[in-house]
Structures are given as structure tokens and as C-alpha cells.
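Chains as they are written, first to last, in our numbering: chain A, 179 to 439; chain B, 214 to 469.
Even for Gly, the Cβ is constructed at its ideal location relative to N, Cα and C.
These figures come from a predicted structure and were not determined experimentally.
One structure below.
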């Protein structure tokens, strides 16, 4: 079979591009097929959920806390200028729930988890570990790819909810520092302006981000070239393409959700 | 192919007929034909780049040949669906050139991985007993809790073989079992291959460019040249064969 990797000459770039799109389409179809076929690799799925959640927890906590503090500190002077300081909790909570929380978490996961998935699968490919699994009668695609894609798709919404809470806490700390607002008042104002659609978008977007990061990273690793340079290339591709995909999905979902508001 | 009249009384467990494979227009395998009999160690000997590893990967179905027929234990693997092929693969052990141990798992987990998955064995005591018995058979019981990165090249090869043996295969495929090992360790691996055949009653195809390995492990040898089977016979027969290509190969071995 001709794959994008086998076409090297410059005039055939477009052909290679469309072959790659077809490859990725087949890859995604296979993920769905394997997800809903027996046996389910539940043990590996839970392990991956734990690893992926655990691996990014501290980074997400740190980045979200700082984002909450910084965003609040940056917004406050402008609101004071218009005499609207009391809107600060509402403004910050909307910004965090609608965009900042999901985006920060997705970008951290694209960097941290995407690179590790790409590099791990690629190095398994180089050292023939994937072939060894297949030769022993195990389905390596199901064991390695499906579980990782599912795990990040499931874990990203959880991390986003956590990130939103931590960012709001950061925001509260910043607000409390300036105006001695109580915890109860801050959060009642913050949640007042959040609608069902905001909650829906903060949960649906990370599912799409997670799936995209999972697909891009595992594809880059699973089909990497069988040379040491392929490991670095796979990790690099996983991060760069995942981040671009996150912004593309963000743009599309904003347009779609905008029409629903 | 120039063949010698070796008489086999044992049944054929693996048959390859008219196998062809090319990569990007380069013909790697050309009309390869071979038979493997029960309880036989067949060595595929040849220089690097002659298509030996491609052949063994076509046999186990990791590479799809362009043309040909591969029958293992009475089943044509090229006509099989993935599930049937995976079931058949449980009867075949593949020892990779670089061992291909799962480096994120301990030796114990490497061995139990296929057991849990393919045979559905979940009982911890039973798994532990099977792992210990198999590691004992390859002389590495003490390595049970070690990670692959902590093992030497020779130990990794042995664990790679143990990972196959734990599934009680009927056929073993060894890809360059002594590549990258010192002469003493190579000799130990050769002894292990012979022991495996005796203890586990396996048939084996051993891919190698190492004449010492071929001499120590073979019942029969096929010498490959330019992607096809060039000569066949026992080690002694081939050693005295008047063939320019083979003579160059054997003479180089004698000098070194």
C-alpha cells in the first residue's frame, strides 16, 4: 500500500497530503471499530486514565491558578475605569469557563501527553515491540492506540472542570487581596452569570480536544518511520499538530455555540 | 534451487511456496520455497540484506507478500482473517533480533502479557508458577523482577525466548539470535536453541548470518542469495559444496 511516508518527491506533495488524510480517516474509523469490539482492554484503559490524569495534574493546577490570578489582575483596572468592578467575578468566571480553562488544559495536554504518546509509540515501533505484540497474537492497535485515545478523551473533560475550579480559586485570591470580598459572595456572583450552554461547552470542547490530541499523537507514533530520528519527529508532530487542532476546534465550536446563544 | 536428497520422516509443519516480495520496485524475495518438518531446526543462512528477515516476517504475517503461499500447521495464513491469524500466532514463537521486550514492563509482566491476554489466565499463583518454570528453563529465574533496561544483551535474548516459550509454541522463529553478542554468549544462545527443541519438542526456523550459529543449531540449512533459496543441505554438505558464492561465505568465516 502506498502511504504518505513512501512519497518523497516535491511534485507529489498534494498526492501525499490527500493520502495522509485518507490514512487518518481509516485510522479514526478503526479506533471506533476497536472501541466497540470485544475484548475491551479495561485494565489498560484505567491505567492510561490514571497516568494521563496524574501526569498533567500539577501542571494544570499551577497554570490554571496563575491564569486565574493574572486574568483577574489584568481585568480589574479596566473595569474600575468604567465603574464596573462588581462585575469582575462574572467576567472572570465566563472567560474561564467558556474559553480559558478548556484552552489552557488542552494546550498543556497537547504538549505533555501528546509528546509522550507520540514518542512512546514511536520508540516501541523502532524497537519492534509493536511487531512483538502482533506476533504473539495480541492486537497492538487496540491495546496501544484505542486505550490511549479513549483515556485522553475521557480525562480531558475531568481535567477541564478541575482547571476551571482552580482558576476561579486563583481569581478569588486576587479579588480578595484587593477588595476583601467574601468567598460566598465571589462564587455566587461568579456562578450567577454561567448558563447551561456554558457548562455544555466547557464539557463538550475538551472531549473534542482530547480525541483530536489522542488521534494525532497516536497516529504520529504508531506510523512513525523505523529510525531513531522518527521518535523525535513523531513527538514533534504530535505536539505541533495537536496544538493547531486545538485552535481549529476552538474556532469551530465558538462559531457553532455562537449561533446557539 | 540446488537441493540435496535429505530424507524426512516427520510431517511438514510449515510450507512456503513461490513467495515474492518487493519494496519500492526492489525485489527482496524471489520465488522462495521451503518446508519445515516437525522437530527440525532449519537454518536460513545468508549475508545481510538477502531478504532473510523479510522472509520470516512474511511467514508470521507481519509483512504481506506480493505473491505466494504460506501454510502453517495446515492453515494458509494469507487467506485468514485477523482473529484466526492471531489464534494461529499463539502456536508460533517469534524471537526478535533486538529481543523486542516491552520496556515499560518487568520481566514477569513481559511473560504474563500474552498469557493473560491470549489464554485468559488470571490466577496469580498459576501465572507466577508458569513464569518461574519458563525462566528456569532459560536459566534466568533471578531476573523475574528486573526491567529490560537492567538486562545484558544475552539476558534479553533469553527473556525474549522465554516470552515465546511460555505460550508452549509448536514452531519457533529466531531472527538473528546471536547478532550483537560476544562469542561466549552466542554459544550459550545456540545451546539454548538446541535445548528448546529437545525440551519443548518445537520445530524452528533460525535466520542467521553467523556460521557458528548455523553449525551449532541446524538440522538442515538453506543458503539464501539475492532473495531466493540458493542451496540446501546439512552443514557438512554445504561446507564441502563447490559453489563460489557459498565458498566465499564459508572461507570468510574460517579466516575470521
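Does the beta carbon of residue 402(B) sit closer than 8 Å to a beta carbon anywhere in chain A?
No, because no Cβ of chain A sits closer than 8 Å to the Cβ of residue 402(B).
I need the straight-line Cα distance from residue 318(A) to residue 325(A), nearest angstrom please.
Taking the straight line joining both Cα atoms gives about 10 Å.
How about residue 245(B) and residue 226(B): do their beta carbons lie closer than 8 Å?
Not in contact: residue 245(B) and residue 226(B) (Cβ atoms no closer than 8 Å).
Who are the near neighbours of residue 358(B) in its chain, counting only those whose CB is closer than 8 Å to its CB and skipping five residues on each side?
The residues are 319, 320, 321.
Could you tell me whether any Cβ in chain B is nearer than 8 Å to the Cβ of residue 135(A)?
For chain A, the structure presents residues 179 to 439; residue 135(A) sits outside this window and is missing.
Name, in chain order, the residues that DSSP records as bridge partners for residue 236(B).
Answer is 239(B), bridged to residue 236(B).
Taking residue 370(A) as the reference, give the member of 254(A), 304(A), 208(A), 275(A) with the closest Cα.
Per the Cα distances, 275(A).
Amino acids of chain A, ordered along the chain, whose beta-carbon sits closer than 9 Å to that of residue 327(B):
Within chain A, the residues 311, 314, 315, 316 have their CB atoms less than 9 Å from the CB of residue 327(B), given in chain order.
Using only the alpha-carbon positions, how far apart do residue 418(B) and residue 276(B) sit?
So the two alpha carbons sit approximately 17 Å from each other.
Beta-carbon of residue 226(B) versus every beta-carbon of chain A: anything under 8 Å?
With its beta carbon at least 8 Å from every one in chain A, residue 226(B) lies outside the interface.
Just to confirm, are residue 412(A) and residue 296(A) a CB contact at a threshold of 8 Å?
In contact: residue 412(A) and residue 296(A) (Cβ atoms closer than 8 Å).
Cβ contact (3+ pairs, closer than 8 Å) linking the stretch 345-355 of chain B and the stretch 364-378 of chain B:
With a cut-off of 8 Å, the stretch 364-378 of chain B and the stretch 345-355 of chain B count as touching, because enough Cβ pairs lie within range.
Test: residue 345(B) CB closer than 8 Å to a CB of chain A
Using a Cβ-Cβ cut-off of 8 Å, residue 345(B) does not count as an interface residue toward chain A, since no Cβ of chain A sits closer than that to its own.
Please go through the same chain and pick out, in chain order, the residues whose beta-carbon is closer than 7 Å to the beta-carbon of residue 327(A), but skip the five residues on each side of it.
Result list for residue 327(A): 209, 389, 392, 393, 396, in chain order.
Using a Cβ cut-off of 8 Å (strictly closer), state whether residue 311(B) contacts chain A.
Yes, because at least one Cβ of chain A sits closer than 8 Å to the Cβ of residue 311(B).
What residues are listed by DSSP as bridge partners for residue 442(B)?
437(B).
Residue environment, residue 329(A), which counts as buried when at least 16 other CB atoms sit within 10 Å
Classification for residue 329(A): buried.
Does residue 226(A) come within less than 8 Å of chain B when only Cβ atoms are used?
No, no contact with chain B.
Applying a beta-carbon distance threshold of less than 8 Å, which residues of chain B neighbour residue 307(A)?
For residue 307(A), the chain B residues whose Cβ falls inside 8 Å of its Cβ are 313, 314, 315, 316, in order along the chain.
Give every residue of the same chain whose Cβ lies closer than 7 Å to the Cβ of residue 436(B), excluding the five residues on either side of it in the sequence, and list them in chain order.
Result list for residue 436(B): 258, 259, 443, 444, 451, 459, in chain order.
Please report the Cβ distance between residue 381(A) and residue 234(A), rounded to the nearest whole angstrom; I am assuming they are in contact, meaning their Cβ atoms lie under 8 Å.
With 8 Å as the limit, residue 381(A) and residue 234(A) do not qualify as a contact, their Cβ atoms being about 18 Å apart.
Within-8 Å CB hit, residue 321(B) to chain A
It does not: the Cβ of residue 321(B) has no partner Cβ on chain A nearer than 8 Å.
Output the residue ranges of the alpha helix (DSSP H) runs that lie fully inside the stretch 250-297 of chain B and measure 4 residues or longer, sorted by chain position.
Correct list: 265-273.
Residue 355(B): buried (16+ other C-beta within 10 angstroms of its C-beta) or exposed?
It is exposed - the Cβ of residue 355(B) has fewer than 16 other Cβ atoms within 10 Å.
In chain order, each alpha helix (DSSP H) run of at least 4 residues that lies wholly inside the stretch 369-434 of chain B:
With a minimum length of 4 residues, the continuous alpha helix (DSSP H) runs that stay inside the stretch 369-434 of chain B are 396-413, 424-430.
Does DSSP put residue 393(A) in a helix, in a strand, or in coil?
In this structure, residue 393(A) counts as helix in the three-state DSSP scheme.
Using three-state DSSP, classify residue 306(A) as helix, strand or coil.
In the displayed model, residue 306(A) falls within coil according to three-state DSSP, outside both helix and strand.
Could you check whether the Cβ of residue 248(B) sits closer than 8 Å to any Cβ belonging to chain A?
Cβ-Cβ to chain A under 8 Å: no for residue 248(B).
Do we get a CB-CB distance below 8 Å when we pair residue 299(B) with the residues of chain A?
Closer than 8 Å to the CB of residue 299(B) there is at least one CB belonging to chain A.
With distance defined between alpha-carbon atoms, name the residue in 238(A), 414(A), 300(A) nearest to residue 287(A).
Out of 238(A), 414(A), 300(A), 238(A) has the C-alpha closest to the C-alpha of residue 287(A).
List, in order along the chain, the chain A residues whose C-beta lies closer than 8 Å to that of residue 359(B)?
For residue 359(B), no chain A residue has a C-beta closer than 8 Å to its own C-beta; the minimum C-beta separation is roughly 17 Å.
Interface flag, residue 411(B) vs chain A, CB-CB below 8 Å
Not closer than 8 Å to any Cβ of chain A, the Cβ of residue 411(B) fails to qualify, so no.
Members of the stretch 413-426 of chain B near chain A, C-beta cut-off 9 Å:
Of all residues in the stretch 413-426 of chain B, none places a beta-carbon less than 9 Å from a beta-carbon of chain A.
Give me the Cβ distance between residue 290(B) and residue 323(B), rounded to the nearest whole Å; I'm assuming they're in contact under 8 Å.
About 25 Å separates the beta carbon of residue 290(B) from that of residue 323(B), a gap too long to meet the 8 Å contact definition.
Cross-chain neighbours of residue 289(B) in chain A, by beta carbon under 9 Å
In chain order: nothing, as chain A lies at least about 18 Å away.
Excluding five sequence neighbours on each side, which residues of the same chain lie with their C-beta closer than 6 Å to the C-beta of residue 255(B)?
These residues qualify, in order along the chain: 249, 418, 433.
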